[in-house]
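Asker: Pasting a structure here, questions to come.
In full-length UniProt numbering, the protein residues as written are 1 to 188.
Structure (structure tokens):
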């Protein structure tokens, strides 16, 4: 979604995105400074999705599998917020299950379209918080950057590049260990 504002007055359409360039817009800018401030405040104060079933034995074991397989290397369980103009948000520990960094995910996930400093095979680690409720709130769920994976297991199996070790560990694990990891992901 590209909405212009006083901060970003121009549409974010690349030369290749001809449909984006032809699309109607809501004026220049589409959001006023006051609307942008209201939206920023709202988004900054949204509560993170709550975890579910955290005491279930399979979920507890799945949490250990998450680290054991290497998922937590990029999908870091906790981060610390820095300074914030919103006092209550500064210096807080939170659990997005991401490192917010770019990683080469291999040829299987590459789209061949570099974007700024990212190559066509690099993707920002998607936050996993709330991933377990997607199927409950959406009729059709797709995982990964382009929705190609229909479930958690397919998403894991598409991991390559820097995540290939975690994918291989998942594939080599017992059916019970894989089910525990999937139960853990469902709890997020």
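Glycine included, each C-beta is placed from N, C-alpha and C at the ideal position. Keep in mind it's a predicted model, so treat the numbers as computed, not measured.
With residue 79 and residue 132 assumed to form a contact (beta carbons below 8 Å), what rounded beta-carbon distance in angstroms separates them?
Answerer: In the chain shown, residue 79 corresponds to position 79, counting from 1. In the chain shown, residue 132 corresponds to position 132, counting from 1. That belief does not hold up - the Cβ atoms of residue 79 and residue 132 are roughly 19 Å apart, past 8 Å.
Asker: In the segment 48-122, which residue ranges form an unbroken alpha helix (DSSP H) of at least 4 residues, counting only runs that do not cross its ends?
Answerer: Complete alpha helix (DSSP H) runs here, min 4: 57-69.
Asker: Once the 5 residues before and after residue 155 are set aside, which same chain residues still bring their CB inside 7 Å of it?
Answerer: Taking the first residue of the chain shown as 1, we reach residue 155 at position 155. Correct list, in chain order: 143, 144, 149.
Asker: Between the C-alpha atoms of residue 109 and residue 6, what's the straight-line distance to the nearest angstrom?
Answerer: Against the chain shown, residue 109 aligns to sequence position 109. Against the chain shown, residue 6 aligns to sequence position 6. Whole-angstrom Cα-Cα distance: 35 Å.
Asker: What is the rounded straight-line gap between the Cα of residue 171 and the Cα of residue 26?
Answerer: In the chain shown, the residue the question calls residue 171 occupies position 171. In the chain shown, the residue the question calls residue 26 occupies position 26. Distance between the alpha carbons of residue 171 and residue 26 is about 48 Å.
Asker: Return the first residue and the last residue of the alpha helix (DSSP H) that residue 40 is part of.
Answerer: Within the chain shown, the letter at position 40 stands for residue 40. Run containing residue 40: 33-44, per the alpha helix (DSSP H) assignment.
Asker: To the nearest angstrom, report how far apart residue 84 and residue 90 are at their CA atoms.
Answerer: As a position in the chain shown, residue 84 is number 84, starting the count at 1. As a position in the chain shown, residue 90 is number 90, starting the count at 1. Answer to the nearest angstrom: the Cα atoms are 5 Å apart.
Asker: How long is the line joining the alpha carbons of residue 72 and residue 101, rounded to whole angstroms?
Answerer: One-based indexing of the chain shown puts residue 72 at position 72. One-based indexing of the chain shown puts residue 101 at position 101. Between residue 72 and residue 101, the C-alpha separation is close to 13 Å.
Asker: Give the C-beta separation of residue 185 and residue 128 to the nearest angstrom, bearing in mind that I take them to be a contact with Cβ-Cβ under 8 Å.
Answerer: The count along the chain shown starts at 1 and reaches residue 185 at position 185. The count along the chain shown starts at 1 and reaches residue 128 at position 128. With 8 Å as the limit, residue 185 and residue 128 qualify as a contact, their Cβ atoms being about 7 Å apart.
Asker: The alpha helix (DSSP H) that contains residue 137, what's its start and end?
Answerer: The sequence position of residue 137 within the chain shown is 137, counting from 1. Segment 134-137, the alpha helix (DSSP H) holding residue 137.
Asker: Can you give the Cα-Cα distance for residue 46 and residue 39, rounded to whole angstroms?
Answerer: Locating residue 46 in the chain shown gives position 46, counting from the first residue. Locating residue 39 in the chain shown gives position 39, counting from the first residue. Their Cα atoms are separated by approximately 11 Å.
Asker: Can you tell me which of the three DSSP states residue 148 falls into?
Answerer: To locate residue 148, count along the chain shown from 1; it is residue 148. Residue state, collapsed to three classes: coil.
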